[in-house]
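Read left to right, the sequence shown gives residues 60 to 550 (the working numbering).
Worksheet for the structure shown next.
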Amino acid sequence: MNTEILLWLIPLPPLLAFALIVLGTNRRNGLSTALALGGAGLSWLASMVVFFRVIGIEGLSENPIGSMINWIPTGDTWLKVGVQIDPLSAVTLFFVAWTIMMIFIYSIGYHNFGQPKGEHDVPGLPPHGATVKDAHGSHKVMSIEPMYARFFALISLFAFAMYLLVVSDNLLTLFVGWEIMGLCSYLLIGFWYAKDSARRAAVKAFLTTRVGDMFLMLGLAALYAITGTLSYREIFGNATVMQMLASTTSPVFGLSWAGFIGLLIFLGVVGKSAQFPLHVWLPDAMEGPTPVSAMIHAATMVSAGVYLAIRSFPLLSAGWEPGGPLTLPMTILAAVGAFTALFAATIAMAQNDIKRVLAYSTISQLGYMIAALGVGAYVAATFHLFTHAFFKALLFLGSGSVIHGMEHGVLHTGEHIDPQDMYNMGGLRRKMPRTFWTFLIGGFALSGFPLVTAGFWSKDEILSGAFSGGHMLVFVVLALSALLTAFYTMR
Numbered sequence: 060m061n062t063e064i065l066l067w068l069i070p071l072p073p074l075l076a077f078a079l080i081v082l083g084t085n086r087r088n089g090l091s092t093a094l095a096l097g098g099a100g101l102s103w104l105a106s107m108v109v110f111f112r113v114i115g116i117e118g119l120s121e122n123p124i125g126s127m128i129n130w131i132p133t134g135d136t137w138l139k140v141g142v143q144i145d146p147l148s149a150v151t152l153f154f155v156a157w158t159i160m161m162i163f164i165y166s167i168g169y170h171n172f173g174q175p176k177g178e179h180d181v182p183g184l185p186p187h188g189a190t191v192k193d194a195h196g197s198h199k200v201m202s203i204e205p206m207y208a209r210f211f212a213l214i215s216l217f218a219f220a221m222y223l224l225v226v227s228d229n230l231l232t233l234f235v236g237w238e239i240m241g242l243c244s245y246l247l248i249g250f251w252y253a254k255d256s257a258r259r260a261a262v263k264a265f266l267t268t269r270v271g272d273m274f275l276m277l278g279l280a281a282l283y284a285i286t287g288t289l290s291y292r293e294i295f296g297n298a299t300v301m302q303m304l305a306s307t308t309s310p311v312f313g314l315s316w317a318g319f320i321g322l323l324i325f326l327g328v329v330g331k332s333a334q335f336p337l338h339v340w341l342p343d344a345m346e347g348p349t350p351v352s353a354m355i356h357a358a359t360m361v362s363a364g365v366y367l368a369i370r371s372f373p374l375l376s377a378g379w380e381p382g383g384p385l386t387l388p389m390t391i392l393a394a395v396g397a398f399t400a401l402f403a404a405t406i407a408m409a410q411n412d413i414k415r416v417l418a419y420s421t422i423s424q425l426g427y428m429i430a431a432l433g434v435g436a437y438v439a440a441t442f443h444l445f446t447h448a449f450f451k452a453l454l455f456l457g458s459g460s461v462i463h464g465m466e467h468g469v470l471h472t473g474e475h476i477d478p479q480d481m482y483n484m485g486g487l488r489r490k491m492p493r494t495f496w497t498f499l500i501g502g503f504a505l506s507g508f509p510l511v512t513a514g515f516w517s518k519d520e521i522l523s524g525a526f527s528g529g530h531m532l533v534f535v536v537l538a539l540s541a542l543l544t545a546f547y548t549m550r
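As structure tokens, this is what we get:
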């Protein structure tokens, strides 16, 4: 099967799994699991085939592989959509496929469906998943997790949206995936909708990200009005179009059209990637199940924002020469990213909830990536996006294991304590050794432990880019943020 066909097929299995679970499983939890995991597995396999086919191709950046079809008639012409793979989408596809696959596998055990544990979740009661006999005959004790099929349907749709965004060859279908992710985040953050806090968090996330999306829509509309297309190749790959955008002046602050449209797109990124001042939704998003937190922080939502910023970098940097003064849009990116990195790291030091610490950590690390783009360190931003996805997914999944262990301990002892409060978590290394070691590896990567962790090399590249470009204030702020990151991670 050729690469172009595989690119069209990559997003489809999770979408098909979503449709079948919603329409055909009749709440049969085992079938829902099989469909969701099967869909994720097929997309993972297709993604790996595509990645290893294209990774050694020279000139892929100038000549990406892909195909287009006519979609919507617009007067005498057609609005075309398609798929493509270039170095950025190949790297993103690799980490998205792996993290989504691992999160799906983890979710099965996390939801504890049909797995008798041999111990009681509540003293004196039979274990969940066990078969018991009473006056009414034999029956199975139901799982503690309600709405199991709905969960797997929604994360399958979430996965479809991210795959669609990554393999898209134009900003329109990217925006479709972007908005589907916004819907899924609302439904999954508020998954336990019986809780007031979950409902409030879902609405907060939805409304906050919509603020950014409004500016993104304006940016895409302006770009289409001026160029007549939203295709990456016809805009970013066309020197004539980029020169026209960079040389014509918009009516706003004397910016070029490239800079103005780039800033509008960046405001959409600020909402999705939780940068100051639209960062407020991400800590509250921890109200959702832990696999959802891992999906949002590592594989989908916030990664999508940085991916769009990297994809739009030619607009943001129009007129900039390496080593020269930054353009106004790049200066804004550097300032927002550096401030967010330090601001969020400072707040993380004062948090006691393990998931909220990781949430503020994500905001801080995303600030690193945005600041890297602001100083022109395009490759460093992409590298940190790649490494961050893996160690942040590992940390969130490890935190889910810790929280489950704490909940079981609370049920056995009858104590009334918060299972997510880090002050209640001492001495777990002996009880949960595998979780301890995996969490330690993720913590070292997040804090940038020298030489042996990927996080060290990606952060070092960002700091090097800021220092070598002469942007000393950005360098100092990011270096201080790295120090605080090591502190709150070890804490």
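Backbone N, C-alpha and C fix where the C-beta goes; we use that ideal spot for every residue, glycine too.
Asked	Found
Neighbour flag for L79 against chain B, beta carbons, 8 Å	Absence of chain B from the displayed structure is noted, only one protein chain being present.
Buried/exposed call for F442, threshold 16 Cβ in 10 Å	buried
Buried or exposed by the 16-neighbour rule on C-beta atoms within 10 Å, applied to F133	One point to set straight first is that residue 133 is Thr, not Phe, in the sequence displayed. With fewer than 16 Cβ atoms within 10 Å of its Cβ, T133 is classed as exposed.
Distance CB(L213)-CB(A397) smaller than 8 Å	no
Cβ-based neighbour list, Y419, same chain, cut-off 7 Å, excluding 5 preceding and 5 following	P342, A403, I406, A407 and Q410
Secondary structure of L385, DSSP reduced to three states	coil
Whole-angstrom C-beta distance between G514 and G457, which should lie under 8 Å	About 15 Å; that fails the 8 Å criterion.
Three-state class that DSSP yields for D477 in the structure shown	coil
P132, enclosing beta strand (DSSP E) - first and last residue	I124 to T133
Three-state secondary structure (DSSP) of F172	Because the pLDDT of F172 is 44, which lies under 50, any placement of that residue in the model is unreliable, and the number read from its coordinates should be weighed accordingly. Reduced to three states, the DSSP call for F172 is coil.
Range of the contiguous alpha helix (DSSP H) that encloses L417	I413 to G433
Rounded Cβ spacing between A431 and I521 (contact assumed at less than 8 Å)	4 Å
Burial state of A284 (16 or more Cβ within 10 Å)	exposed
Validate contact between the segment 272-279 and the segment 231-240 using beta carbons, cut 8 Å, 3 pairs	yes
Cut-off 8 Å between Cβ atoms - residues of its own chain near F546, not counting five sequence neighbours on either side	M408
Same chain, Cβ closer than 8 Å to G524, neighbours up to 5 away in sequence not counted	A431, V434, G435, A436 and A439
Which listed residue (V81, M60, L96 and N229) has its alpha carbon closest to that of A105	M60
Cα-Cα separation between G173 and W251, rounded to whole angstroms	Only weak support exists for where G173 lies, its pLDDT of 39 falling under 50; the value from the coordinates is given anyway. If I take the Cα positions, the gap works out to 20 Å.
Other residues of its chain near G347: CB distance less than 6 Å, five sequence neighbours each side excluded	L247, I248 and F250
Where T544 falls, given that 16 or more other Cβ within 10 Å makes a residue buried	buried
Secondary structure of V461, DSSP reduced to three states	helix
Cβ contact (3+ pairs, closer than 8 Å) linking the segment 487-497 and the segment 353-360	no
Alpha-carbon spacing of L444 relative to G313, whole angstroms	32 Å
Identity of the residues DSSP links to G141 by a beta bridge	M127
G249: CB within 7 Å of a non-hydrogen atom of the ligand SAM	This structure simply doesn't include the ligand SAM, nor any ligand for that matter.
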